[in-house]
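Asker:
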Amino acid sequence: MMRLNRIVHQRLKSLRLNLNEVDKFYTDLKMDYIKDTGIDYNTWYPDNEETRILFKRADDLYSLRKDQLFTAIFNFSQTFYSLKEYLIVYDPIKEGLIEDFFSNEKTDMLSRKQIANDLKHDPNNDLIFDSRVVKNEIIKEPGKITHISYLSHSWFYRNLETVEYCQRLYKELLTFLEKSFK
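Its first residue numbered 1, the sequence shown is counted upward by one per residue in the numbering used here.
(1) Going by beta carbon distance, what residues of the same chain come within less than 6 Å of residue 197, once the five residues before and after it are set aside?
(2) Given a cut-off of 8 Å on the beta-carbon distance, is the pair residue 65 and residue 28 in contact?
(3) What's the C-alpha gap between residue 43 and residue 180?
(4) What number of angstroms, rounded off, separates the C-alpha of residue 87 from the C-alpha of residue 80?
(5) Let me know the alpha helix (DSSP H) ranges lying completely inside the region 26-60, each 4 residues or longer, listed in chain order.
(6) Run the CB neighbour count on residue 102, radius 10 Å, all protein chains shown included, and call it buried at 16 or more, exposed below.
(7) Could you tell me the boundaries of the beta strand (DSSP E) in which residue 130 lies?
(8) Could you check how far apart the C-beta atoms of residue 75 and residue 18 are, in whole angstroms? I think they sit under 8 Å.
(9) Skipping 5 residues on each side, what residues in its chain have a beta carbon closer than 6 Å to that of residue 165?
(10) What residues in its chain sit with their C-beta under 6 Å from that of residue 111, if we drop five residues either side in the sequence?
(11) Check the DSSP bridge columns for residue 147 and list the partner residues they point to.
(12) Work out the CA separation of residue 126 and residue 152 for me, nearest whole Å.
(13) Return the residue from the list 62, 85, 138 that minimises the CA-CA distance to residue 25.
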């Protein structure tokens, strides 16, 4: 078990809760917001105010889910980076090691603190909501080849799928803490 003080442990718990929210809101975003609003597919709806309200409610639900995921990612990134300063206060002797982990070591050509800084200070590197291919698969069978592309509708940070990126940052942090603060 890691030996860390109460303040650092509290931030680790917050980070875990942030990541749980990222996962939950990502799952919610992938759900069928049309059906969740009560709209049935292959059903004729009259062109009237009631129908427009129903479809507006579906659009609003989708927007809410996008906003919730963005907020969870933003909160995760800020909590993640705040741990750096608390770890330095907790163990100033390891400041160089902590600084290397957060600022100098690269994950996907980015320092781990980069996402937190960009989301706070750099609109050019903000999250972008988009649909992108995140995985390609080729299935070879006798006489045919099938190409399957998996799309993700999510927030992307510098072409990285942000939910996956947050999960990876969290795992890397736990590994670092286990190795460095035994």
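The beta carbon of each residue, even a glycine, is placed where N, CA and C say it ideally should be.
Answerer: The short version:
(1) Lying before the first or after the last residue shown, residue 197 is absent from the chain, which here runs from 1 to 182.
(2) The residue given as residue 65 occupies position 65 in the sequence shown. The residue given as residue 28 occupies position 28 in the sequence shown. Yes, they are a contact pair.
(3) As a first step, residue 43 is located in the sequence shown; it is residue number 43 there, counting from the start. As a first step, residue 180 is located in the sequence shown; it is residue number 180 there, counting from the start. Going from the Cα of residue 43 to the Cα of residue 180 covers about 59 Å.
(4) Indexing the sequence shown from 1 puts residue 87 at position 87. Indexing the sequence shown from 1 puts residue 80 at position 80. Using only the alpha carbons, I get a separation of about 11 Å.
(5) 33-36
(6) Taking the sequence shown and counting its residues from 1, the one referred to as residue 102 is at position 102. Buried, since its Cβ has 16 or more Cβ neighbours within 10 Å.
(7) By one-based count along the sequence shown, residue 130 stands at place 130. Looking at the DSSP string, the run of the beta strand (DSSP E) that includes residue 130 is 128-141.
(8) As a first step, residue 75 must be located in the sequence shown, where it is residue number 75. As a first step, residue 18 must be located in the sequence shown, where it is residue number 18. Confirmed, Cβ separation roughly 5 Å.
(9) The residue labelled residue 165 in the question sits at position 165 within the sequence shown. So the list is empty, once near-sequence residues are dropped.
(10) To locate residue 111, count along the sequence shown from 1; it is residue 111. Here the set comprises 103.
(11) Locating residue 147 in the sequence shown gives position 147, where the first residue counts as 1. Answer is 138.
(12) Start at 1 with the first residue of the sequence shown, and residue 152 comes out as number 152. Start at 1 with the first residue of the sequence shown, and residue 126 comes out as number 126. Going from the Cα of residue 152 to the Cα of residue 126 covers about 18 Å.
(13) Taking the first residue of the sequence shown as position 1, residue 25 is located at position 25. Among 62, 85, 138, the Cα nearest to that of residue 25 is on 62.
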